[in-house]
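Chains as they are written, first to last, in the numbering used here: chain A, 2 to 143; chain B, 2 to 143. First comes the structure, then the notes that go with it.
Protein chains: 2
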Amino acid sequence: MGNNLNQYKDKLRKNKLKVTEKRMRMIETLLEGDRYMSAKDIQEILKPEYPGMSYDTIYRNLYTLKDIEVLEQTTLSGEMHYKIACTTHHHHHFICDDCGETKVIRYCPVETWQSELEDVEIKNHKIELYGLCGACKEARIY
Amino acid sequence: MGNNLNQYKDKLRKNKLKVTEKRMRMIETLLEGDRYMSAKDIQEILKPEYPGMSYDTIYRNLYTLKDIEVLEQTTLSGEMHYKIACTTHHHHHFICDDCGETKVIRYCPVETWQSELEDVEIKNHKIELYGLCGACKEARIY
DNA sequence: ATTTTATTTCGTAATCATTCCTATTTACAA
DNA sequence: TTGTAAATAGGAATGATTACGAAATAAAAT
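In structure tokens, the structure reads:
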């Protein structure tokens, strides 16, 4: 794989976290998926390799990886989902309702909103677009 | 109260739903609160009046009222929250992390995003700003 | 190579939001 | 006023998530 797993190893080490096999496979799984995945999704995918992988491990690692900003999280239909975070530029996502694929959206008017609401202090914001990606739009039968 | 509860009664009847005491008190509670509230919030507030009000009733009514667009919903820290919907114009919210007060934001660049992502079909979107409202910002001790 | 420390297991249990089930009650139409 | 369809109470069930604690394992530091 030409995936730059080293940057993730470095990040783990920088945070005094150990580079374990399971952790790396979770990161790889999320890199390969490149969409929001639930704890169960990840367990399913890694089941052949690690049949006895405990939920405890998955949840703990998802939490840890989100904490060091390797992952970003969002709630999709009641379940927490995670995906690899992109740290190079601020962005949000379009999420396909059918296949779960995500697309990056760049435009973010947070300054516009800050000036619309002068008296408040915006500390955080969530933007998500939902719908059908090109492929799923084609595949739809009406 | 000068609150126009009649429009809500009409809306219920239009949808062949019964105008019950509990339903109307839930609507009143949400009107008075005018912020996102959880099922538990509502149960707490109505407890003196209806000590035995069942969760089923609360959840079913929240769902029903969202369904007929009397309420809008969002997930806040893992819990579903509801507030009275404004149907006259499209908008989103700023939500105060401290007191839960909401402020309407008008600017919504959904067309901009649609042209940024030509191939997808945006069917839905979620925009939420979080932070401190004017009052809570003042009240903060640093 | 040895030690130290973090991580995983594993089984189980607690928690919490939400939903489901059935008997009973209520709103409202006829 | 009566019939019936909808709504509710009360509690059990579900499902995601977190917690736990001790033993086993693995990673990294010396």
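Virtual Cβ for every residue (Gly too), placed ideally from N, Cα, C.
Residue from the options with nearest C-alpha to residue i
| i | options | result |
| --- | --- | --- |
| Glu50(A) | Arg36(A), Leu66(A), Met25(A) | Met25(A) |
| Phe95(B) | Thr103(B), Thr89(B), Asn62(B) | Thr103(B) |
| His91(B) | Asp120(B), Cys134(B), Arg107(B), Arg36(B) | Arg107(B) |
| Asp98(A) | Trp114(A), Gly53(A), Arg141(A) | Arg141(A) |
| Val105(A) | Cys134(A), Arg14(A), Gln115(A), Ser116(A) | Cys134(A) |
| Asp35(B) | Trp114(B), Leu118(B), Cys87(B), Tyr9(B) | Cys87(B) |
| Thr75(A) | Tyr9(A), Ser39(A), Leu118(A) | Ser39(A) |
For residue j and residue i, the rounded distance between their alpha carbons
| i | j | result |
| --- | --- | --- |
| Thr21(B) | Ala136(B) | 37 Å |
| Glu122(B) | Lys138(A) | 7 Å |
| Ile46(B) | Glu33(B) | 11 Å |
| Val71(A) | Asn125(A) | 18 Å |
| Cys109(B) | Asp42(B) | 30 Å |
| Glu73(A) | Lys19(B) | 43 Å |
| Tyr37(B) | Tyr83(B) | 5 Å |
| Ile85(B) | Leu77(A) | 22 Å |
| Thr89(B) | Lys48(A) | 50 Å |
| Asp68(B) | Glu80(A) | 21 Å |
| Val111(B) | Leu130(B) | 16 Å |
| Asn62(B) | Ser55(B) | 11 Å |
| Pro52(A) | Asn16(A) | 28 Å |
| Ser116(B) | Ile28(B) | 39 Å |
| Leu13(A) | His93(A) | 24 Å |
Residue environment, residue i, which counts as buried when at least 16 other CB atoms sit within 10 Å
| i | result |
| --- | --- |
| Asp57(B) | exposed |
| Leu66(B) | buried |
| Leu6(B) | exposed |
| Cys100(A) | exposed |
| Ile128(A) | buried |
| Tyr64(A) | exposed |
| Gly132(B) | buried |
is_contact[residue i, chain B] using C-beta, thresh 8 Å
| i | result |
| --- | --- |
| Asn125(A) | yes |
| Thr30(A) | no |
| Leu133(A) | yes |
| Leu130(A) | yes |
| Asp99(A) | no |
| Thr113(A) | yes |
Test: residue i CB closer than 8 Å to a CB of chain A
| i | result |
| --- | --- |
| Ile59(B) | no |
| Asp68(B) | no |
| Tyr108(B) | yes |
| Glu122(B) | yes |
| Thr76(B) | yes |
| Gly3(B) | The predicted position of Gly3(B) is uncertain, since its pLDDT is 37 and thus under 50; a value taken from the coordinates is nonetheless stated next. False, the Cβ-Cβ gap to chain A never drops below 8 Å. |
| Glu117(B) | yes |
| Thr103(B) | no |
| Lys138(B) | yes |
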